[in-house]
Structures are given as C-alpha cells and as structure tokens.
C-alpha cells in the first residue's frame, strides 16, 4: 500500500473541479497517508522538486492534479523510475483519464492511489519530450501552439470549435 504522496497541483486546470481534489486528498490523509503538495511555483521549480523527491525515494507515488498537460508534465518527471504516477483528473478534456477508465468518484480515486495496481506504459519521445496520448506536426501543432488560453478555458461550458481542413 502506498502511504507517501507528492502531489503536483495545477490550480488553474479544469472547470470547477477543485472540490474533487480536496476530497481525494482528504481521504488519503484520513487513511493515515502523508500528502505533500507543490502548487504553482512555476514549471521548472515544480519539476526540480519532484525530481528530487523521486531521486531521494521519499515518496511512494507522485500525483498529478490537473488536466492532460499537467499529467504529461508530471509523467516526464517520473518516466524511467519505479515511482508510479497517480492522477486526479481536473482538466477540461481529461482525455487520458477517460481512455484509461479513470472516473471522478473521490473514494475510487483515493483507493486507486493507495492500493491500485501500477501499470507500466511506454511513453514515446518527440523533440526530447514524452507524450502519452498523441503527437502532431504541422498544421495541428501550430493551431494548438497559437491557441489562446482563454479560448481553452471557455470550452468547458460551450462546444469546442471544430477545425476542418480541406486540401
């Protein structure tokens, strides 16, 4: 059973899911687990602290609280180690969480973090960065790169625009 968690929390992820993270982390603490968290200290500072935690063997798991981008960022920290990555899905899309069947029920998420099976995956690398879901190049990459963050945030309450490209 995992008892020591290092939590990387992207407090700007998603749309109104902060209560879910608080409930899951509360359940972990209520079970007697140690839960240390690192919030929005900046990507490099968070990565450095997580790498140190993984290297020192201080934690049984590193938990990403956020969306697909946060999960990918945290996964790059634990990749190549024996430290499992846990997920509390709070993003707008939560594509990875959906694909692996991870729901949003606090007790089930806490139970999975405490004693769920760890599954090894192969994370491909492109341009020195791992990816977990998909990779794109050319037009789609430029669209995502140019996407205004406020447009992404508003997509949680309205249908995401569909881009069509016809040669």
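In my numbering, the protein residues as written are 663 to 829.
Built from N, CA and C at the ideal position, the CB exists for glycine as well.
Computed from a predicted structure; not experimentally measured.
In three-state terms, what does DSSP make of residue 666?
strand
Could you tell me whether the segment 717-729 touches the segment 793-811, where touching means 3 or more Cβ pairs closer than 8 Å?
no
Out of 671, 796, 773, state which residue places its alpha-carbon closest to the alpha-carbon of residue 712.
Of the listed residues, the one whose Cα sits closest to residue 712 is 671.
Going by C-alpha distance, which of 740, 706, 766 is nearest residue 729?
766
Which ranges would you report for the alpha helix (DSSP H) in the segment 694-729 if only whole runs of at least 4 residues count?
If you keep only unbroken alpha helix (DSSP H) runs of at least 4 residues inside the segment 694-729, you get 705-718.
For residue 699, I'd like the list of residues in its chain whose CB is within less than 6 Å of its CB, leaving aside the five on either flank, ordered along the chain.
669, 671
Return the Cβ separation of residue 734 and residue 793 in integer angstroms, given the expectation that the two are a contact with Cβ distance under 8 Å.
7 Å
Is the beta carbon of residue 725 sitting closer than 8 Å to the one on residue 750?
yes
Taking just the CA atoms, how far does residue 695 sit from residue 731?
26 Å
Can you grab the Cα-Cα spacing for the pair residue 689 / residue 798, in whole Å?
38 Å
Anyone know if the C-beta pair for residue 686 and residue 768 falls short of 8 Å?
yes
Classify residue 691: buried if its beta carbon has 16 or more other beta carbons within 10 angstroms, exposed otherwise.
exposed
How many Å lie between residue 866 and residue 795 at the Cα?
As shown, the chain starts at 663 and ends at 829. That puts residue 866 outside it, with no answer to give.
Residues in its own chain within less than 7 Å of residue 764 by CB, not counting five upstream and five downstream?
749, 751
Roughly how many angstroms lie between the CA atoms of residue 781 and residue 744, to the nearest whole one?
11 Å
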